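Comments concern the structure below.
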Amino acid sequence: MRDSFGSKIGLVLATAGSAVGLGNVWRFPFMAGQNGGAAFIIIYIFFIVILGVPGMVSEFIVGRHAGTNAARAYSRLSTGRQWKHVGVMGIVTSTIILGFYAVVAGWCLNYLFVSIGGDIGGDASSVRQYFVQFSSSPVSPVLWGLTFIVLTHLVIVRGIRSGIEKFSKLMMPTMFVLLIVLVVASCMLPGSMKGVTFLLNPNFSKVDGHVFLAALGQAFFSLSLGTACLCTYSSYFSRSTNLVRSAVQIAFIDTLVAILAGLMIFPAAFSVGINPDSGPSLIFITLPCVFHEAFAGMPVLGYVTSILFYALLSLAALTSTISMHEIGTAFFHEELNKSRKTAACYVSALAAVICIVSSFSVGYMPGLQLFGMSMMDCFDKLTAQLLLPLGGFLTCIYIGWFASFPRVYEEFTNDSTVNRSLFRVYLFLVRYVCPTFILAIFLDQFGLL
Ligand code: PHE
-10 MRDSFGSKIG
0 LVLATAGSAV
10 GLGNVWRFPF
20 MAGQNGGAAF
30 IIIYIFFIVI
40 LGVPGMVSEF
50 IVGRHAGTNA
60 ARAYSRLSTG
70 RQWKHVGVMG
80 IVTSTIILGF
90 YAVVAGWCLN
100 YLFVSIGGDI
110 GGDASSVRQY
120 FVQFSSSPVS
130 PVLWGLTFIV
140 LTHLVIVRGI
150 RSGIEKFSKL
160 MMPTMFVLLI
170 VLVVASCMLP
180 GSMKGVTFLL
190 NPNFSKVDGH
200 VFLAALGQAF
210 FSLSLGTACL
220 CTYSSYFSRS
230 TNLVRSAVQI
240 AFIDTLVAIL
250 AGLMIFPAAF
260 SVGINPDSGP
270 SLIFITLPCV
280 FHEAFAGMPV
290 LGYVTSILFY
300 ALLSLAALTS
310 TISMHEIGTA
320 FFHEELNKSR
330 KTAACYVSAL
340 AAVICIVSSF
350 SVGYMPGLQL
360 FGMSMMDCFD
370 KLTAQLLLPL
380 GGFLTCIYIG
390 WFASFPRVYE
400 EFTNDSTVNR
410 SLFRVYLFLV
420 RYVCPTFILA
430 IFLDQFGLL
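Position one of the sequence shown corresponds to residue -10 (my numbering), numbered consecutively onward.
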C-alpha cells in the first residue's frame, strides 16, 4: 500500500513546512523593506489570494487525482502524454533547488553552532570577515551543506507518515514558538517601533510595475509553487481532504510567518540604527551585528537570541528541503522501481553534487562561473526566474484548458460535496488570470515588458 498522511493537521503542517522556509524568514523581510513596506505586503497578499491559492489548488488536483509521483501525475488528467514533461521538469527544478538551498541552509546550521559556542556578533567588519573566511574555505561550508542534505535524507527514508508528517508535527509548532519569542524580544528593544512603522506603514510612492512583479515572484517561491512539490505532497492526501480549505490554511500560515519574520527583523535592526540590506549579508552579516549591539547590555539575552534565530532558520529550511527531496525520491522509487532508500540515495547524491559546485562557486573557486555568474546564481536564476514560473504557467494551462473537466470538478468539489459555488471563480482564475500574470513576470524578467 502506498504511504499517506495520517491526519488533516499533519498534511497541513507538512505542506506548510514546505512553504515556510528561507523564503519567508529571510527573503520576504528585505523584499518588503525595499519595496514600500506595507504597500508591498498588500500587493503580496493580493497575489497570494488570486494567484497563489488557485495555483496551489491546481497542483493539489493533479497530485491527489493521480496518487502517484509528479511525472506520472501530469499525464493522468488528459490524454496528451506530453504533459508528463511538466512533472519531470518539476522534479529537475526541485532537485536543483535542493542542491543550492542546502548551501545557505548549511551556513545557517554553522551559524547555529558558532552561536552556541559563543558570540559571533561583533563590529560589522569582524562579522563580515568571519563570513567571508567561512564561506570561502574549501571544506567547512561544503561539509555543512552536505550535513543538511544528510539530515533531510534521514527524515525522507522514514517515509511519509512516520518521517515527514511526524517531523513536521513536531517542528512546525516549535518553529512558531521560536518566532513569537523572537518577535517579542525584538519589539521590546528601545526604538524598535520605528521598525514596526517602517514595515507596516504603506509607502505607495515606491510602487511601480516591478514591485508587482517582485511580489508575484516572491508569492510563487514562498508557496513552493511550480516545482511539483505540492503535487507530490497532495498525492499522499486522502479523498476526503478539502483541497481548497487546505490551500487557504497553508497560504495563511505561510503569509503569517513571513509578516512575523519582518516584525522580528526590522524592529531589532532599527533599534540599533542599522538599515537592513538585502542578500545573504542580511542574515549572515547584518543580523549578527544587530544581536550584538541590541543586546550589548544583556549579553546572555544576545547569546540566546542568536541561537534561537539560527535554530529557527535551520528548522524552516529543513522542512522545505524535505519537500524538495520527496519529489525526486517518489519519482525514482515509483518509476525506476527502486526501494525508497535507494531512491532517496539517488536524490541526495544529485543534490550533493549541485551543493558542492554551488558552494565552491561562491567561495573557494570564484572562477566557477557560467554566463558571468557564479554557479549558485545560475542555479538560482534558472529555477526561480525560469523553471518555477514556467511550471506554474503550464500547470494552470493544463488544468484550465486540457485536463478532463469532470475530473477537475470532482477533485475540486470532493465529488460534488464541497466548494461547489467556488468552482466557476476558480476556473476563471486558472484559465485567464493566473496565466496572464505569470506570463507578465516572465516577459518582464527578459526586459520584454
Ligand atoms: N517555499 C520555500 C521557501 O519559502 C522554498 C521552496 C521552493 C520549497 C520550492 C519547496 C519547493 O523557502
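Glycine included, every Cβ here is placed at the ideal spot set by N, Cα and C.
Owing to the predicted nature of the structure, the values given are computational and were not obtained by experimental measurement.
Got a sec, what are the start and stop residues for the alpha helix (DSSP H) residue i sits in?
{"i": "residue 292", "result": "288 to 324"}
{"i": "residue 164", "result": "155 to 176"}
{"i": "residue 183", "result": "182 to 189"}
{"i": "residue 211", "result": "198 to 211"}
{"i": "residue 365", "result": "364 to 370"}
{"i": "residue 133", "result": "129 to 145"}
{"i": "residue 243", "result": "232 to 260"}
{"i": "residue 425", "result": "423 to 434"}
{"i": "residue 7", "result": "-3 to 8"}
{"i": "residue 95", "result": "73 to 106"}
{"i": "residue 195", "result": "Taken as a continuous stretch (DSSP letters only), residue 195 belongs to no alpha helix (DSSP H), as it is neither H nor E."}
{"i": "residue 384", "result": "377 to 386"}
{"i": "residue 45", "result": "42 to 55"}
{"i": "residue 330", "result": "329 to 350"}
{"i": "residue 20", "result": "17 to 23"}
{"i": "residue 398", "result": "394 to 402"}
{"i": "residue 413", "result": "412 to 417"}
{"i": "residue 442", "result": "Limits of the chain in this structure are -10 at one end and 438 at the other, which puts residue 442 out of reach."}
Whose C-beta lies closer than 7 Å to the C-beta of residue i among residues of the same chain, with five residues either side of it excluded?
{"i": "residue 376", "result": "78, 82"}
{"i": "residue 91", "result": "134, 137, 138, 310, 340, 344"}
{"i": "residue 24", "result": "195, 200, 203"}
{"i": "residue 62", "result": "51, 52, 55, 76, 220, 224"}
{"i": "residue 21", "result": "29, 30, 188, 251"}
{"i": "residue 284", "result": "290, 291, 294"}
For a test of your reading of the model: does the CB of residue i fall under 7 Å from any non-hydrogen atom of ligand 1? Yes or no.
{"i": "residue 13", "result": "yes"}
{"i": "residue 362", "result": "no"}
{"i": "residue 67", "result": "no"}
{"i": "residue 86", "result": "yes"}
{"i": "residue 10", "result": "yes"}
{"i": "residue 224", "result": "no"}
{"i": "residue 181", "result": "no"}
{"i": "residue 216", "result": "yes"}
{"i": "residue 210", "result": "yes"}
{"i": "residue 313", "result": "yes"}
{"i": "residue 347", "result": "no"}
{"i": "residue 83", "result": "yes"}
{"i": "residue 7", "result": "yes"}
{"i": "residue 235", "result": "no"}
{"i": "residue 303", "result": "no"}
{"i": "residue 47", "result": "no"}
{"i": "residue 157", "result": "no"}
{"i": "residue 115", "result": "no"}
{"i": "residue 213", "result": "yes"}
{"i": "residue 124", "result": "no"}
{"i": "residue 194", "result": "no"}
{"i": "residue 64", "result": "no"}
{"i": "residue 309", "result": "yes"}
Give me, in chain order, the residues of the same chain whose beta-carbon lies closer than 8 Å to that of residue i; leave out the 5 immediate sequence neighbours on both sides.
{"i": "residue 190", "result": "26, 27"}
{"i": "residue 169", "result": "249"}
{"i": "residue 146", "result": "152, 329, 330, 333"}
{"i": "residue 34", "result": "244"}
{"i": "residue -2", "result": "158"}
{"i": "residue 300", "result": "101, 167"}
{"i": "residue 231", "result": "403, 407, 408"}
Please work out which residues of its chain come closer than 6 Å, Cβ to Cβ, to residue i, disregarding the five sequence neighbours upstream and downstream, and give them in chain order.
{"i": "residue 313", "result": "83, 86, 87"}
{"i": "residue 72", "result": "63, 64, 387"}
{"i": "residue 15", "result": "272"}
{"i": "residue 246", "result": "9, 13"}
{"i": "residue 367", "result": "359"}
Taking CB distances under 8 Å as the criterion, tell me whether residue i reaches chain B.
{"i": "residue 316", "result": "The chain labelled as chain B is not found in the depicted structure, where only one protein chain is given."}
Would you check if there are 3 or more beta carbon pairs closer than 8 Å linking the region 54 to 65 to the region 212 to 225? These segments touch.
If you pair each beta-carbon of the region 154 to 173 with each one of the region 114 to 122, do three or more pairs fall below 8 Å? Remark: fewer than three beta-carbon pairs, one from each stretch, lie closer than 8 Å, so the region 154 to 173 and the region 114 to 122 are not flagged as touching.
Does the region 38 to 50 come within contact of the region 247 to 255, defined as at least 3 CB pairs closer than 8 Å? The region 38 to 50 makes no contact with the region 247 to 255; the number of CB pairs closer than 8 Å stays below 3.
contact_flag[the region 232 to 245, the region 3 to 19] where n(CB pairs < 8 Å) is 3 or more: In this structure the region 232 to 245 lies against the region 3 to 19, because at least three pairs of beta carbons, one per stretch, are closer than 8 Å.
Taking contact to mean 3 or more Cβ pairs, one atom from each stretch, closer than 8 Å, check whether the region 372 to 386 and the region 425 to 438 are in contact. Result yes; three or more Cβ-Cβ pairs closer than 8 Å.
Tell me, please, whether the region 356 to 367 touches the region 387 to 396 by the rule of three or more beta-carbon pairs shorter than 8 Å. The region 387 to 396 and the region 356 to 367 do not touch, with fewer than three beta-carbon pairs separated by less than 8 Å.
Are the region 140 to 158 and the region 299 to 310 in contact at 8 Å, needing three or more beta carbon pairs? Counting C-beta pairs closer than 8 Å gives three or more between the region 140 to 158 and the region 299 to 310, which meets the contact rule.
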